[in-house]
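Take the sequence shown: its position 418, counted from the start at 1, is 418 in full-length UniProt numbering, and no numbers get skipped.
Just so you know, even glycine gets a beta-carbon here, dropped at the ideal spot from N, CA and C.
Structure first, then comments.
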Amino acid sequence: MSRIIYLINEILQKLDYNCQLVPIQFKFKETQMANNLDFVDNSANKTGEIEQDPDPGEIEENNTVDEDPSIHEEDPLSKTKLAIQDLSKLDVTKLHVITPEVISRQATINIGTIGHVAHGKSTVVKAISGVQTVRFTIEIKKNITIKLGYANAKIYKCDHDNCPRPSSYMSAGSAKEDTFECPSCHIGMMHLTRHVSFVDCPGHDILMATMLNGAAVMDAALLIIAGNETCPQPQTSEHLAAIDIMKLKHIIILQNKIDLVEEKQAKEQHSQIQKFIHGTIAADAPVIPISAQLKFNIEVICEYICKNIPLPIRDFTSEPRLIIIRSFDVNRPGCGVEDLKGGVAGGSILKGVFRLGQKIEVRPGIVKVLEDKTVFTPLYSRIISLFAENNELQYAVPGGLIGVGTLIDPMLCRSDKLVGQVLGAVKSLPDVYSEIEISYFLLKRLLGVRMEGDKRGARIQKLTKGDVLMVNIGSLSTGGKVTGVRQELAKILLNLPVCTEVHEKIALSRKIDNHWRLIGWGEINSGKKIEMIQESFSQD
Numbered sequence: 001m002s003r004i005i006y007l008i009n010e011i012l013q014k015l016d017y018n019c020q021l022v023p024i025q026f027k028f029k030e031t032q033m034a035n036n037l038d039f040v041d042n043s044a045n046k047t048g049e050i051e052q053d054p055d056p057g058e059i060e061e062n063n064t065v066d067e068d069p070s071i072h073e074e075d076p077l078s079k080t081k082l083a084i085q086d087l088s089k090l091d092v093t094k095l096h097v098i099t100p101e102v103i104s105r106q107a108t109i110n111i112g113t114i115g116h117v118a119h120g121k122s123t124v125v126k127a128i129s130g131v132q133t134v135r136f137t138i139e140i141k142k143n144i145t146i147k148l149g150y151a152n153a154k155i156y157k158c159d160h161d162n163c164p165r166p167s168s169y170m171s172a173g174s175a176k177e178d179t180f181e182c183p184s185c186h187i188g189m190m191h192l193t194r195h196v197s198f199v200d201c202p203g204h205d206i207l208m209a210t211m212l213n214g215a216a217v218m219d220a221a222l223l224i225i226a227g228n229e230t231c232p233q234p235q236t237s238e239h240l241a242a243i244d245i246m247k248l249k250h251i252i253i254l255q256n257k258i259d260l261v262e263e264k265q266a267k268e269q270h271s272q273i274q275k276f277i278h279g280t281i282a283a284d285a286p287v288i289p290i291s292a293q294l295k296f297n298i299e300v301i302c303e304y305i306c307k308n309i310p311l312p313i314r315d316f317t318s319e320p321r322l323i324i325i326r327s328f329d330v331n332r333p334g335c336g337v338e339d340l341k342g343g344v345a346g347g348s349i350l351k352g353v354f355r356l357g358q359k360i361e362v363r364p365g366i367v368k369v370l371e372d373k374t375v376f377t378p379l380y381s382r383i384i385s386l387f388a389e390n391n392e393l394q395y396a397v398p399g400g401l402i403g404v405g406t407l408i409d410p411m412l413c414r415s416d417k418l419v420g421q422v423l424g425a426v427k428s429l430p431d432v433y434s435e436i437e438i439s440y441f442l443l444k445r446l447l448g449v450r451m452e453g454d455k456r457g458a459r460i461q462k463l464t465k466g467d468v469l470m471v472n473i474g475s476l477s478t479g480g481k482v483t484g485v486r487q488e489l490a491k492i493l494l495n496l497p498v499c500t501e502v503h504e505k506i507a508l509s510r511k512i513d514n515h516w517r518l519i520g521w522g523e524i525n526s527g528k529k530i531e532m533i534q535e536s537f538s539q540d
């Protein structure tokens, strides 16, 4: 083995590559259970990580190894490198999306990633944030994104005037400290300017449904186009149509995989991109050539995010509300009764500020049928922990994916049982409906579906009484039966009751060729409420 490594190193030196291979050994270390909201980060000392043998001279007395300060991820549990949050000094009227105590620990800007399948959306997110959004077993096997993925990244700028662009900008994971020496000029200091959450949507239908029903507030989008294919590809067109419908104005186009093509081909495709976006909502969007795999021009993306995407306006003063997109039981099998922990809910905060120790309510909670009547019982609890990825929070604001530790029975939270429910301050949540009346709007043609001889796409049929639809309300996806239609109004009986309110936007899908396809969206006008009954599900 050493002989092979020696020969490879000789070849690398002749090719003038500034690198060399060294023998490594596999070491597996035990670790505490990771926060299931996100994939374990790429820092050292994690279960299953490949770790190189340290030089004995580098080991300190406490048996820890000095880490290179340029490492992409820092210790996720470190509390000394991040700004301190103090609940006693919190004034929500003075909060901003770039308040230092907030962006030090939590993302406050949401950016969606869109583009054709296998064009490198998840790879781009990983290159910027260091977080792999493709983390479920079936996703890894198929190399595609199936569930909505979040990954947070901090963006820094050097304060030295003579630090050259674009290396004066850089990105790192959420655990990185807020200020450090610039690795480019070694004179100035890098300062945290943005903390961004990338929302990796698995497809245009889910992308549009996510944007339409408010499951995640999208402030901007990265449109990824592979440089080794002609433009546009089918899903590229569909995604651009989706954000055109949504009027998402802030777009950055990334010409990815530029390392796989020659300069002439790259310029030809750049012309194709300009022709493709002409007359669309992305007509003025910058086009950045990158290689996500080699992390080429990632600094340019960071610069454009800071300069081209304005700071969003958030509602910090209203009663807090979070829609649950994940829930789970963090207890290990065989855990003793005295060591049991409450369930954890993960989701997107729509408005307000959640605080540690705050009493909360989850609706609908427990739903059951009593004497042919559907009723619900809310779950009451208290926030015992708040996390953004692995950063511990004292309070949480809208932006990114937030993990909320509670005292709710973990059996009620395991395996995403709370997905689709709403978490908020006690007695502040809206009513629960079993039937809704909506004003609806249908797309003219299906996105991503082509009929034989029809290049423009299949036409969408009008809604009729008896139609079975998939309805997306917040993070809830449930079946619904159309019980009445009049002009652009419809009444839908839901399979699962939903906690929502009037004027809430929803997404509508119809089953076509055994796939649920987005056909339009709507707005709730009224509905049939179900009765709430109080039982002893309170957890204080």
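- For GLU435, the enclosing beta strand (DSSP E) begins and ends at 432-442.
- The shortest C-alpha to C-alpha distance from ILE111 to any of LEU496, ALA292, ILE243 and SER318 is the one to ILE243.
- When secondary structure is reduced to three states using DSSP, LEU87 falls in the helix class.
- When secondary structure is reduced to three states using DSSP, VAL337 falls in the helix class.
- Closest option to THR113, judged by alpha-carbon separation, among SER122, ALA107 and GLN106: SER122.
- Residue pairing by DSSP puts VAL362 in a beta bridge opposite LEU379 and LEU423.
- Take the alpha-carbon of ILE298 and the one of LEU87: they are about 36 angstroms apart.
- Here CYS306 carries a helix assignment [DSSP, helix/strand/coil].
- Counted as a single uninterrupted DSSP element, the beta strand (DSSP E) harbouring ILE349 occupies residues 344-351.
- Under the 8 angstroms Cβ criterion, the segment 344-352 does not count as touching the segment 375-383, having fewer than three qualifying pairs.
- In the DSSP secondary-structure assignment, GLN255 is bridged to ILE225 and PRO289.
- Only residues of its own chain outside the window of five on either side were considered, and among them SER327, PHE328, ASP329 and GLY343 have a CB closer than 8 angstroms to the CB of ARG414, listed in chain order.
- For THR406, there is no enclosing beta strand (DSSP E), as DSSP marks it with neither H nor E.
- DSSP places ASP244 inside the alpha helix (DSSP H), whose first and last residues are 234-245.
- Annotated as proximal: LYS505 and GLU523, with beta-carbon spacing under 9 angstroms.
- Taking every protein chain shown into account, the CB of LEU429 has 16 or more other CB atoms within 10 angstroms, so this residue is buried.
- If you look at GLU392, you'll find it in the beta strand (DSSP E) that goes 391-393.
- LYS157 sits close to SER168, with the two beta carbons spaced by under 9 angstroms.
- When the Cα atoms are used, VAL498 and PHE180 turn out to be separated by approximately 47 angstroms.
- Exclusion of the five residues before and after VAL92 leaves PHE316, THR317 and VAL353 as the residues of its chain whose Cβ lies within less than 7 angstroms of its Cβ.
- Taking a 10 Å sphere around the C-beta of ASN256, we find 16 or more other C-beta atoms and assign the residue as buried.
- GLY527 counts as buried, since at least 16 other C-beta atoms from the protein chains shown sit within 10 angstroms of its C-beta.
- In the structure shown, SER271 falls within a helical segment according to DSSP collapsed to helix, strand and coil.
- Between the segment 244-264 and the segment 281-301, the count of Cβ pairs shorter than 8 angstroms is three or higher; the stretches touch.
- Secondary structure note for ALA127: its alpha helix (DSSP H) is the uninterrupted segment 121-129.
- Under the DSSP assignment, VAL102 falls in the alpha helix (DSSP H) whose first and last residues are 100-103.
- Sorting VAL419, ARG321 and ILE533 by C-alpha distance to the C-alpha of ILE360 places ARG321 at the top.
- Under the three-state reduction of DSSP, THR113 is assigned to strand.
- Looking at the DSSP output, VAL330 shares a beta bridge with no other residue.
- Rounded to the nearest whole angstrom, the CA to CA distance from GLN358 to GLN85 is 16 angstroms.
- Per DSSP, reduced to three states, the secondary structure at ASP372 is coil, with no helix or strand assignment.
- Within the same chain, VAL482, VAL485 and ALA490 come within 6 angstroms of LEU463 by CB-CB distance, once the 5 residues on both sides are set aside.
- Ranked by Cα distance from ALA221, the first of THR230, THR236, PRO232 and CYS231 is THR236.
- It is roughly 26 angstroms from the alpha-carbon of LEU496 to the alpha-carbon of VAL199.
- By the C-beta density criterion, THR406 is buried, having at least 16 other C-beta atoms within 10 angstroms.
- Comparing alpha carbon positions, the residue from VAL468, ARG105, GLN269 and LYS529 closest to TRP516 is VAL468.
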